[in-house]
Amino acid sequence: MKLAQFVKFREEKFGGVLFETRSEKVYTLSPSGAVVVKEIAAGGDAEEVLARLKSRYRDPEGKLEAEAREFISSLKSQGLVAE
Amino acid sequence: MARGPLFEAPLYVGWQLTNECNLSCLHCIEESGPGKAFPDELGREQALDVLGRLARAQVPYLSLSGGEPLLHGAFWELAEAAAAAGIEVKIETNGHLLSPEGCARLRRIGVGAVQVSLDGAARASYERLRARGSWDKALASIRELRRAGVSVEINFSPAKFNAGEIAEAVDLAFHLGAVGFYTGRTIIAGRAARTRGLLEPSAEQYEEFFKTLREKARQYEGRMRVCYHEMGLVEELKYRLENPAALFIILPNGKVKLINALPFVCGDLRRQSVGEVWKAFLEGWRSPEVAEFVHALERDPGMIGRLHEWTEVPLRP
């Protein structure tokens, strides 16, 4: 999994920004959204990305994993992330 | 494009590398042409230094334009360095100086897209607008870019003598393999202010022009982006006062403008960091003088002809 071909990511003080340069659409990210996108940009499939997030953050009830999974799915459906 | 103030640096930089051009287009807001390079344009070392600083500021998207950008002595180095730094690079060119080898090189560099000006569906209208230009050369460069596997976008500047060809021009862009078609109202500034009588489409022509574009956007949806900007200049500038785009326009001498259609310069990348200029950019958009200028423009449309004569934006200490 990786950022789609024309998508750029930059960390910002408020979290991060995804910029789809073809459509010139800008998506602002919360700090937690930016953490997930940073891991996606680092490579690996969805399960590897989720495993890295789980190893880094406390998630006893699995809430983080569920939210990150949903967020990744939403990024994919918007064409911002590709396999 | 999102509001600027959220971000720590621009998201999009439009860099006019040189004011020199091999053509003398009737509508050129910059009045580019042969012998029109600024005397103080950035040389190779300075330009590469600016590029390095844009890359360190993580600017994600850079458009290299002019004048004709291929006439800048460091064009290829800049394009290569930008792409190698992970910046999405777009080239805005008239296409006349692109050889087959150049097209293949752009593909190897990995530029995101090359935008070629093709204003018209026929030689006569194209060559009338693009003085010194060759319809055959423009078409040949587009075909060569596609052969090399480079994404092509078409830019179309409307004039009274080509606006009626818009449907055929969009169709032609699609058949040439373009991924996008871009147009909007021609800004009557710079050389266009002097050629206004020859150039400016009537309100009725614009109405028909945009009606056709709406139909063409639907027709090519999912196959080619048909992007058009219907807003007039004053409306656009009033909107930008409230919503400045996270976009720098770098002039050939390293100075940075608030927006191409305003005469205000907010910094100088030869002397200032990207961060300093970005701060001045955000302050510039809040400057009462800039707001007053836009409102004065609304009262006196004749001021539009002087928009390319830039001045420093007055910033508060």
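Chains as they are written, first to last, in this note's numbering: chain H, 1 to 83; chain Y, 1 to 317. For glycine and all other residues, C-beta sits at the position ideal for the given N, C-alpha and C. None of these values were measured; they are calculated from a predicted model.
Under the 8 Å criterion on CB atoms, tyrosine 61 of chain Y is classed as interfacial with respect to chain H. What glutamate 12 of chain H touches in chain Y, judged by beta-carbon distance under 8 Å, is Leu6, Phe7 and Glu8, going in chain order.
Unbroken beta strand (DSSP E) runs of no fewer than 3 residues, entirely contained in the stretch 44-130 of chain Y, are found at 61-65, 88-93 and 113-117, following chain order. Three or more beta-carbon pairs separated by less than 8 Å link the stretch 17-37 of chain Y to the stretch 61-73 of chain Y, which places the two stretches in contact. Contact annotation: leucine 129 of chain Y and alanine 159 of chain Y have beta-carbon atoms nearer than 8 Å. The way I'd put it, the stretch 105-122 of chain Y doesn't touch the stretch 27-45 of chain H; fewer than three beta-carbon pairs between them come closer than 8 Å. By the beta-carbon neighbour count (other beta carbons within 10 angstroms, threshold 16), serine 287 of chain Y is buried. Neighbours of glutamine 115 of chain Y in chain H, taken as residues at a C-beta separation under 7 Å, are lacking, since the least C-beta distance is about 12 Å. Residue state for lysine 255 of chain Y is assigned as strand, using DSSP reduced to three classes.
Against chain Y, the beta carbon of valine 35 of chain H has no neighbour under 8 Å; the closest one sits roughly 17 Å away. Close to glutamine 205 of chain Y, with beta-carbon spacing below 7 Å, lies no residue of chain H; the smallest spacing is near 27 Å.
Across the set Y/Lys279, Y/Arg270 and Y/Glu298, the C-alpha of Y/Glu298 shows the shortest separation from the C-alpha of leucine 262 of chain Y.
For aspartate 136 of chain Y, the secondary structure class from DSSP, reduced to helix, strand or coil, is helix. Residue pairing by DSSP puts valine 13 of chain Y in a beta bridge opposite Y/Leu62 and Y/Phe248. Under the criterion of beta carbons closer than 8 Å, valine 116 of chain Y and valine 89 of chain Y do not qualify as touching, at roughly 15 Å. Distance from the CA of glycine 66 of chain Y to the CA of leucine 237 of chain Y, rounded to the nearest whole angstrom, comes to 22 Å.
Here the alpha carbon of glycine 43 of chain Y sits roughly 39 Å from the alpha carbon of valine 81 of chain H.
Looking at the backbone, the Cα of histidine 175 of chain Y and that of leucine 50 of chain H are separated by about 44 Å. Comparing alpha-carbon positions, the option among Y/Ala217, Y/Ala167 and Y/Gly133 lying closest to histidine 96 of chain Y turns out to be Y/Gly133. When only Cα atoms are considered, leucine 213 of chain Y and glutamate 61 of chain H end up about 52 Å apart. The three-state secondary structure of valine 294 of chain Y, taken from DSSP, is helix.
Counting along the chain, the unbroken beta strand (DSSP E) around arginine 225 of chain Y starts and ends at 225-229.
Taking 8 Å as the cut-off, the beta carbon of valine 13 of chain Y is found no closer than this to the beta carbon of phenylalanine 281 of chain Y.
Annotated three-state conformation of isoleucine 154 of chain Y is strand, per DSSP. When secondary structure is reduced to three states using DSSP, valine 313 of chain Y falls in the coil class, being assigned neither helix nor strand.
Lysine 8 of chain H has H/Phe19 as its beta-bridge partners, per DSSP. For glycine 197 of chain Y, the enclosing alpha helix (DSSP H) starts and ends at 196-199. At a cut-off of 8 Å between C-beta atoms, valine 81 of chain H does not count as an interface residue with respect to chain Y. The C-alpha of threonine 28 of chain H is placed about 20 Å away from the C-alpha of methionine 1 of chain H. Per DSSP, the beta-bridge partners of tyrosine 27 of chain H are H/Leu18. Pairing phenylalanine 181 of chain Y with isoleucine 154 of chain Y gives a Cβ-Cβ distance under 8 Å. Interface residue (Cβ-Cβ distance to chain H less than 8 Å): leucine 11 of chain Y is classified as such. Its chain contains Lys255, Lys257, Trp310 and Glu312 as the residues whose beta carbon lies nearer than 6 Å to that of valine 265 of chain Y, once the 5 sequence neighbours on both sides are disregarded; these appear in chain order. Counting of Cβ neighbours within 10 angstroms places asparagine 243 of chain Y among the exposed residues, the total staying below 16. Close CB contacts of alanine 79 of chain Y within its chain, under the 8 Å cut and outside five residues either way in sequence, are with Leu64, Val89, Ile91, Leu106, Ile109 and Val111 (chain order). Exclusion of the five residues before and after phenylalanine 19 of chain H leaves Lys8 and Val26 as the residues of its chain whose Cβ lies within less than 6 Å of its Cβ.
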